[in-house]
Amino acid sequence: MANNDNEACDTRLTLGLATSDHHSLPKQNQQEHNKIVCLDLSIVPLHSSDNGTSKIDGSSSKTSENYNNFKNVIKKNGMRKKLRLTKEQSTLLEDSFKRHATLAMGQKQELAAKLKLKPRQVEVWFQNRRARTKLKQTEVDCEFLKKWCQSLNDENNRLKKELQELRSIKIDQRTTPFHLQLPKTRTLALCSSCQKISRSETDEKHETGPKSG
DNA sequence: AAGTATTAATTGTTTACGTCA
DNA sequence: ATTGACGTAAACAATTAATAC
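Take the first sequence: its letter number 162 is residue 1451 in our numbering, and every next letter is one higher.
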C-alpha cells in the first residue's frame, strides 16, 4: 500500500474467487468461463464497495484496478470518503432517469464512461433515485388517504346526524295526533339529485325558533 | 459545536432465469 | 419431457455514514 500512512492499517484478509472479467461477457459465454477459476487473495479494506460486496460489476475485476478504485474513496483515517457528484453529473443522471427509471443493457457502462464514474456508482445512484421516487410517491399517497379519510369521517357524521333527525321525526309521528302531523310531513321532500330527504324553510324556522307552550 | 437533511454506499433478501443432472 | 437443485444477476429494502447547511 503505497499511497498513505494510515490507509494500510486495515489488513483483514478477504478471500475472493474471481474469474478474469467474465461478468462483462454475454451470458451464454459465462457458463464456460466459470470453469476457469482463479483465487484472489488480495488484501483489501472492508469499506471498498467493489471488493467487499457480493455484487460484482465489470469494473472490479483486476486487483490493481480495484486498489486504484478504493484508493479514491478511502480517507487517510480509514473512513469512507463520500463521493459528491458535480452538478453536471447529477443533471445527466437525472435526465437519463427521466427517460428510464431503470438502466437498460449497456446504458450503465455508457453513462459511467460519460460521467467518469464507476458503473457500480451509476447503478447505486439509480437504485437510490428509485427509492427516493418511491418514498415521495408514498408521501403523496399518504396525504391523499388522509384527506379521503377525513372526508369519509365528515360524511359519516353528516349521515349520523341525518339518521338522528329522521328517527326524531318518526317518534314525533307516533306521539303527535294525526291532524297535527300533516303540515310537518307535507314539508318533507326527497331531493331528486341527491336522494336525500330535506325540509322546507318554514319547517327549519319551526325547529330552530323558540317553542311556544 | 450540535442537530438535521440529504444522499452515496453497504448489506442482506427476493425474484427471475438458465443450466444441469 | 419434467423436475428439483444450484448459480447468477438484477432489483429492492433497510441501514449506515459522510457531508453540507
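The C-beta atom is built at its ideal place from N, Cα and C for all residues, glycine as well.
For clarity, every value in this text was computed on a predicted model and none was experimentally measured.
*Measure the alpha-carbon distance for N1417 versus V1411 and round it to whole angstroms.*
10 Å
*Flag this pair as yes or no: are the beta carbons of P1408 and K1425 separated by less than 8 Å?*
no
*Can the beta-carbon of L1374 be found closer than 8 Å to that of K1403?*
no
*Within the same chain, show all residues whose beta-carbon is closer than 7 Å to that of E1454, passing over the 5 residues directly before and after it, in chain order.*
none
_Cβ-based burial, T1422 [other Cβ within 10 Å; buried from 16]_ = exposed
*Leaving out five residues on either side along the sequence, give the residues of the same chain with a beta carbon under 6 Å from the beta carbon of Q1378.*
L1404
*asked:* Could you compute how far the alpha carbon of R1456 sits from the alpha carbon of L1441?
replied: 22 Å
*If you count every other CB in all the chains shown that lies within 10 Å of the CB of W1414, and 16 or more means buried, which is it?*
buried
*T1391, enclosing alpha helix (DSSP H) - first and last residue*: That residue, T1391, is in no alpha helix (DSSP H); it is neither H nor E in DSSP.
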